[in-house]
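This report concerns only the one structure given below.
In full-length UniProt numbering, the protein residues as written are 1 to 298.
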């Protein structure tokens, strides 16, 4: 803009000088010179004004010297000053798809972590970030991205594969967030949010996981079968011991007199229901009672 202003002023001077030499059309040349002069002055004025948008901070640089950061609003500056703007709104850094982070667990298994990091420039530290990187895009490429990748890999390396993709994901995400904030805060980068969205094992690791699951399931089935067989054997042992104890009790309680009385009671009941006559239980050599059926004739 400043160069344009200088060119327009030069054009105004030239038109004015040419107009002086031509009396007939002098007014036209002078009008052109005046318009060029006004346009040059306006261009020069705009070259000395810089507007910093809302949610931005500007870093002025004049002849290699970095000035104080410019907050949002209208600022007057030297026409030789360049202003580099940084957004103070949170910016999303998405580490997924082609940028997914490949990590290794403490066991050597390969995992792929999808992570989103929200970060923003701290306005008071914008000058320091300009010196470190030079632009907002460079801040992400040179500071946020490499530091975040390094921290993510280091955290996963302290955990097993199973913890990485399942049991300790929340803990790992919290560790990553704390370490990223701690690393970037002194540089003027405010990390507002870290989201460990997804962790998936590599193909080789997934095959190992499936094989381990199958082995665990087979072991559980074998353990359950062994437990069932042991319980059944114990049940049968207890049942057999109960039968044996009952038989011993019966054996001790069955004397000849008891058997004789039970025999009498049995034949009495039979005589009530049928026309039979029971000779009382004998004690002959066979111990067999004689039964006479009265319903039959000689």
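Think of the CB as a built atom: it goes at the ideal place given N, C-alpha and C, for glycine as much as any other residue.
For this session: Check whether the Cβ atoms of residue 102 and residue 115 sit closer than 8 angstroms, and answer yes or no.
Result: One-based indexing of the chain shown puts residue 102 at position 102. One-based indexing of the chain shown puts residue 115 at position 115. No, the Cβ-Cβ distance between residue 102 and residue 115 is not below 8 angstroms.
Problem set entry | residue 80 versus 86, 65 and 229, residue with shortest Cα-Cα distance | Residue numbering aside, residue 80 sits at position 80 when the chain shown is read from its first letter. Comparing Cα-Cα distances from residue 80 to each of 86, 65 and 229, the minimum goes to 65.
For this session: Give the DSSP-derived three-state secondary structure of residue 88 in the structure shown.
Result: As a first step, residue 88 is located in the chain shown; it is residue number 88 there, counting from the start. Coil at residue 88, not helix or strand.
Exercise. Is it true that the CB of residue 112 sits closer than 8 angstroms to the CB of residue 235?
Worked result: Numbered from its first residue, the chain shown carries residue 235 at position 235. Numbered from its first residue, the chain shown carries residue 112 at position 112. No, they are not a contact pair.
Exercise. Hey, out of 95, 107, 173 and 164, whose CA is closest to residue 146's CA?
Worked result: To locate residue 146, count along the chain shown from 1; it is residue 146. Answer by Cα proximity: 95.
Problem set entry | Residue range of the unbroken beta strand (DSSP E) whose run includes residue 58 | Working through the chain shown from its first residue, we reach residue 58 at position 58. Segment 56 to 62, the beta strand (DSSP E) holding residue 58.
Exercise. Contact check, residue 55 vs residue 84 under 8 angstroms by CB: the rounded distance?
Worked result: One-based indexing of the chain shown puts residue 55 at position 55. One-based indexing of the chain shown puts residue 84 at position 84. With a Cβ gap of about 15 angstroms, residue 55 and residue 84 do not count as contacting.
Exercise. Beta-carbon separation of residue 88 and residue 121 under 8 angstroms?
Worked result: Translated into the one-based positions of the chain shown, residue 88 becomes position 88. Translated into the one-based positions of the chain shown, residue 121 becomes position 121. Yes.
Exercise. Starting from residue 128 and walking both ways along the beta strand (DSSP E), at which residues does that stretch end?
Worked result: Counting from 1 along the chain shown, the entry for residue 128 is found at position 128. Per DSSP, residue 128 belongs to no beta strand (DSSP E); it is in the alpha helix (DSSP H), 126 to 132.
Exercise. Is residue 126 near residue 67, with beta carbons less than 8 angstroms apart?
Worked result: Counted from its first residue, the chain shown places residue 126 at position 126. Counted from its first residue, the chain shown places residue 67 at position 67. Against a cut-off of 8 angstroms, the Cβ pair of residue 67 and residue 126 comes out as no contact.
Exercise. Hey, out of 106, 238 and 266, whose CA is closest to residue 162's CA?
Worked result: For the purposes of this step, residue 162 is taken as residue 162 along the chain shown, with counting starting at 1. When each option's Cα is compared against that of residue 162, the closest is 106.
For this session: Following the continuous beta strand (DSSP E) through residue 181, name the residue where it begins and the one where it ends.
Result: If you number the chain shown from 1, residue 181 lands on position 181. Here residue 181 belongs to no beta strand (DSSP E); instead the alpha helix (DSSP H) covers 169 to 184.
Exercise. Between the segment 139 to 155 and the segment 176 to 192, are three or more C-beta pairs nearer than 8 angstroms?
Worked result: yes
Problem set entry | Sheet register partners of residue 117 (DSSP bridge) | Numbered from its first residue, the chain shown carries residue 117 at position 117. Per DSSP, 93 and 194.
Exercise. Is the Cβ-Cβ distance between residue 184 and residue 155 less than 8 angstroms?
Worked result: Counting from 1 along the chain shown, the entry for residue 184 is found at position 184. Counting from 1 along the chain shown, the entry for residue 155 is found at position 155. Contact flag unset, no.
Exercise. Could you give the distance in angstroms between the alpha-carbon of residue 166 and the alpha-carbon of residue 58?
Worked result: As a working note, residue 166 is residue 166 in the chain shown. As a working note, residue 58 is residue 58 in the chain shown. Cα to Cα, the separation comes out at about 44 angstroms.
Problem set entry | Local conformation of residue 71 per DSSP, three classes | Against the chain shown, residue 71 aligns to sequence position 71. Here residue 71 sits in coil by DSSP.
Problem set entry | Residue burial classification, residue 70 (beta-carbon count within 10 angstroms, cutoff 16) | Counting from 1 along the chain shown, the entry for residue 70 is found at position 70. The residue is buried, with at least 16 neighbouring Cβ atoms inside 10 Å.
Exercise. Between residue 139 and the rest of its own chain, which residues show a CB-CB distance below 6 angstroms, the 5 nearest in sequence each way excluded?
Worked result: Here residue 139 corresponds to residue number 139 of the chain shown, with the count starting at 1. Result list for residue 139: 129 and 133, in chain order.
Problem set entry | Boundaries (first-last residue) of the alpha helix (DSSP H) holding residue 149 | What you label residue 149 is simply residue 149 of the chain shown in a count that begins at 1. 145 to 156 is the extent of the alpha helix (DSSP H) around residue 149.
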